[in-house]
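Reviewing the structure listed below.
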Amino acid sequence: MSLLHWAILSPFLLAIIIPLMYKYAKRVHTGWFVLWLPLVLFIYFISKVTKISNGTTIRETVQWIPSLNINFDVVIDGLSLLFALLITGIGSLVVLYSIFYLSKKKEKLHNFYVYLLLFMGAMLGVVLSDNLIVLYTFWEFTSLSSFLLIGYWYHRERSRYGAQKSMLITVFGGLSMLGGIVLLYVMGGTFSIRELIAQAGTLINHDLFIAAAILILLGAFTKSAQFPFHIWLPDAMEAPTPVSAYLHSATMVKAGLYLVARLSPLFAAEGIWLWLVAGIGLLTLVWGSFSAIRQTDLKGILAFSTVSQLGLIMSLLGLGAAALHYPIDDNIYIATTVAAVFHLINHATFKGSLFMVVGIVDHETGTRDIRKLGGLMSLMPITFTIAVIGAFSMAGLPPFNGFLSKEMFFTGMLSVLTLDIFNFETWGVLFPVFAWIASVFTFTYSMIIVFKTFTGKLQPEKLEKKPHEAPVGMLISPIILAVLVVVFGLFPNLLTDSIILPAASAILGDAMPADYHIHISMWHGFQPELFMTIGVVLLGIILYKTWPKWKVVYKPFTEKWSFNSLYNNGLKYMEYGSNKLAVNTMTGSIRNYLLYIFFFLIVSLGFTLFWKDAFSISLDNTAPIGFYELVLAVIISIGAISILFVKSRLTSIIVLGSVGYTVSLFFVLFRAPDLALTQLVIETVSTALFLLCFYHLPENFRKEERIRFKLTNFMISLGVGVVVTLIALSASSTKLFDSISQYYVDTTYTEAGGQNMVNVILVDYRGLDTMFEITVLGLAALGIYGMIKLRLTKQGGKKANENK
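Throughout the sequence shown, residue numbering follows UniProt numbering, covering 1 to 804 in sequence.
See the structure below:
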């Protein structure tokens with residue numbers, strides 16, 4: 001196993017050790033034992049930057065299930081390296097921040113850091129895996145670990161609700177994505193992302209191609225909180241602030257973006273991919289920015305701003321995929337993909353710092369409600385400075401990095417006007433319009449975050465704590481991120497050749513020219529983008545100043561008609577329906593349960609049998625039926641039918657035993673003496689057990705509780721018999737491949753060293769199956785023994801409760 005594999009698995013290994021370390025080192029904050037790992041991993045991935053920027057791709061493989069083409073294949077290229085640096089770099093700052101944010105006296109820190117490490121390892125697995133099944137495994141692990149992190153304060157109802165909501169929505173998307181992965185395997189015969197992309201030209205003609213694309217996008221949209229699946233993200237803000245800063249600004253919500261970027265070379269040839277990715281992204285951008293302004297909780301504003309920014313990056317990735325349809329030498333859409341990569345980095349820096357700022361405000365004042373805040377600038381000057389840098393960058397103001405990527409975003413949206421594929425020349429004109437409107441709202445809520453919190457009049461009577469500046473340890477991480485915001489804004493080309501260009505090349509593949517050069521500058525002349533920015537600032541200031549007058553536009557958007565209401569009512573009706581179904585079907589009658597099972601068996605198997613035209617009868621390979629076999633078959637049939645009509649209990653047992661003993665004669669005729677002996681033993685034991693139960697059975701059982709003839713039972717019984725018979729005949733008549741029996745004949749003695757073929761099959765070839773069968777029988781025996789020994793009565797149960 002390579003060092004790269006260990007880099008992915010190391011967070012999982014440390015997560016196992018943390019509870020032991022916590023037990024023996026309670027005086028030290030658990031975060032100090034965790035901090036070293038993301039730092040080491042960050043340094044490790046930084047060391048790969050030079051190699052990757054030179055065009056090298058690192059691949060390592062460990063066989064897992066080679067028979068199913070499932071191997072632990074990991075790849076480092078520009079895109080995966082970018083995400084690995086974000087995961088470990090932001091992860092290091094979040095762990096450092098959490099050391100001072102979470103009290104070791106009040107919090108169960110070992111739980112927190114175990115969940116955080118599980119999430120970190122899962123995210124690394126997602127972005128570094130080349131095998132789709134391995135990627136999906138880690139993908140669902142991110143859903144599970146984020147569920148634990150969001151519900152970390154499980155004693156709070158809102159935390160449990162947010163965790164459940166995120167789990168249900170993202171797991172739904174994950175299962176949809178799994179369906180898409182299966183379809184890709186059916187089409188391409190491999191789970192390797194690289195190999196599937198190499199087949200993109202042929203896969204597009206497959207009937208399942210569009211279905212696979214839509215299912216994959218469902219997974220990406222739910223994970224990256226795209227409209228209308230965005231509703232889980234605001235409720236996930238009930239998690240501790242370090243979780244929000246990590247999961248919801250730099251890592252988990254970026255997983256969907258990663259998936260879209262990684263698979264764009266495969267699906268971008270289909271117009272529906274470009275329209276869905278770009279269109280849903282733009283819709284998410286507008287709705288998220290519009291919804292953020294109405295929030296009064298600082299985390300709520302940041303939650304919807306995250307939704308909005310994710311939509312911005314998603315729309316850029318969608319339009320950037322158009323680069324695959326144009327000549328390399330004249331391709332203006334490459335810059336759109338570059339803008340997506342650059343803004344992905346910028347968003348992680350300014351949004352991570354803003355989440356930490358909100359955590360500081362909450363930690364030092366006891367509230368995040370902007371209606372109670374104000375006047376904190378003089379009391380918390382460092383926090384105010386960080387907030388200004390982060391919010392102004394998010395608003396797209398110079399000299400911060402957000403201004404640069406926002407200008408590139410406008411360039412990408414304006415490029416839609418020249419897009420002449422997939423009917424973008426018609427409705428595509430709306431893209432720059434909606435992009436500009438969303439930017440106005442973004443500017444407005446960015447101003448709200450800063451000025452409603454830090455300027456104005458201080459309201460100490462509304463605060464739970466006396467506000468003061470945060471301790472130095474809590475300020476280090478947001479200061480580092482704020483510095484990066486400024487540095488990347490003033491010197492953006494520090495990242496162009498080392499990080500941005502390799503990541504964009506990994507997304508676009510052959511569509512990226514070998515000599516392509518990126519140059520980002522703060523001043524790029526009097527271009528339409530600059531005038532759009534000036535318009536955003538002017539209208540944004542007006543909207544901010546006149547907010548009390550125009551906020552009435554939000555009145556129609558009541559909670560009753562929201563997507564949250566749709567989600568909650570959907571769950572309520574599903575629960576009501578499932579309860580009604582359970583009450584009506586789970587009656588306690590085993591006979592009814594068997595009716596449901598057998599009815600489903602008849603319908604599903606019978607329908608499949610005739611739908612696939614699998615029913616056929618061929619007697620060519622069947623042995624002739626002898627006289628003795630015919631006689632035994634008649635005896636068994638008479639005995640089985642007679643059981644339904646005899647009135648004596650003893651007679652019923654005798655007739656049932658005759659059926660079993662006659663079956664043993666069949667085994668004798670077929671030269672299987674061991675099976676015949678087994679059958680004889682079973683029938684003897686069963687008969688003896690029936691006789692032992694005589695004493696406990698009611699005397700008038702047959703007279704008072706005789707089972708009446710029911711047409712439903714008869715039809716179900718007849719249907720099962722017919723369907724099973726048809727399947728047996730069809731299976732016997734249709735040979736799709738050679739029987740395995742000859743393999744046993746050839747290898748029983750030479751390979752397994754046994755002469756009794758049946759015994760060898762049970763013990764050697766099917767050893768695990770036999771072992772589990774024995775285990776099941778053992779468990780059943782223990783259960784029966786417990787039921788016999790546990791003699792519960794009404795009086796006994798009452799006394800037991802009194803003793804408790």
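Cβ atoms here follow ideal geometry from the backbone N, Cα and C, with glycine treated the same way.
Small disclaimer: the values here were computed from a predicted structure and weren't measured.
In the structure shown, threonine 50 adopts helical secondary structure according to DSSP, grouped into three states.
Between the region 246-257 and the region 83-102, the count of C-beta pairs closer than 8 Å reaches three or more; the two stretches touch. If you check the CB distance, leucine 324 and serine 393 do not come in under 9 Å. When Phe138, Phe141, Ser166, Asp297 are compared, the shortest CA-CA separation from glycine 151 is found for Ser166. Its chain contains Gly78, Leu79, Leu82, Val341 as the residues whose beta carbon lies nearer than 7 Å to that of alanine 503, once the 5 sequence neighbours on both sides are disregarded; these appear in chain order. Measuring C-alpha to C-alpha distances from leucine 656 to each of Asp674, Leu677, Phe667, Val685 identifies Val685 as the nearest. Its Cα nearest to that of tyrosine 154, the residue Pro240 stands out among Leu116, Pro240, Thr137, Ile181.
Using a 10 angstroms sphere on the CB of methionine 574, the tally of other CB atoms stays under 16, which defines it as exposed.
With respect to tryptophan 436, methionine 356 sits apart: the two C-beta atoms are not nearer than 9 Å.
Exposed is the label assigned to serine 103, since fewer than 16 other Cβ atoms lie within 10 Å of its Cβ. Where asparagine 131 is concerned, there is no enclosing beta strand (DSSP E), because DSSP gives it neither an H nor an E. Only exposed fits methionine 787, as fewer than 16 other CB atoms lie within 10 angstroms of its CB. Close CB contacts of methionine 512 within its chain, under the 7 Å cut and outside five residues either way in sequence, are with Ile334, Ala504, Ser505 (chain order).
With respect to alanine 255, leucine 118 sits apart: the two C-beta atoms are not nearer than 9 Å.
Between the region 202-216 and the region 175-193 there are three or more inter-stretch CB-CB distances shorter than 8 Å, so the stretches are counted as touching. Two segments are said to touch when three or more pairs of C-beta atoms, one from each, lie closer than 8 Å; by this definition the region 365-372 touches the region 451-466.
Note on the region 289-359: whole alpha helix (DSSP H) runs with a minimum of 4 residues are 298-320, in chain order. For threonine 444, the enclosing alpha helix (DSSP H) begins and ends at 430-454. Rounded to the nearest angstrom, the Cβ distance from phenylalanine 221 to isoleucine 313 is 13 Å, too far for a contact under 8 Å. The C-alpha of leucine 594 is placed about 14 Å away from the C-alpha of glycine 721. For the alpha helix (DSSP H) assignment, the uninterrupted runs of no fewer than 4 residues enclosed by the region 450-522 are, from N- to C-terminal side, 472-490, 501-508. DSSP, read as helix, strand or coil, puts phenylalanine 72 in strand. A residue is called buried once 16 or more other Cβ atoms fall within 10 Å of its Cβ, and glycine 412 is buried on that count. The beta carbons of proline 19 and glycine 91 sit about 20 Å from each other, so the pair does not count as a contact at 8 Å.
DSSP lists Ile76 as the beta-bridge partner residues of isoleucine 58.
For leucine 665 against leucine 630, the beta-carbon gap comes to about 13 Å, at or over 8 Å, which does not count as contact. Relative to leucine 93, the option among Tyr744, Gly31, Gly55, Tyr136 whose CA is nearest is Gly31. The Cβ atoms of tryptophan 287 and serine 308 sit closer than 9 Å to each other.
Nearest to proline 242 by C-alpha distance, out of Leu475, Leu790, Ala198, His696, is Leu475. Here serine 289 is near alanine 438, since their CB atoms are less than 9 Å apart. Scanning the region 532-593 for uninterrupted alpha helix (DSSP H) segments of 4 residues or longer gives 547-550, 563-585, listed from N- to C-terminal end. Annotated as proximal: glycine 402 and phenylalanine 350, with beta-carbon spacing under 9 Å. Per DSSP, reduced to three states, the secondary structure at isoleucine 65 is strand.
Boundaries of the alpha helix (DSSP H) around lysine 406: 401-414. Judged by DSSP in its simplified three-state form, aspartate 369 adopts strand. Scanning Asn584, Ile389, Ala278 for the CA closest to the CA of valine 483 turns up Ile389.
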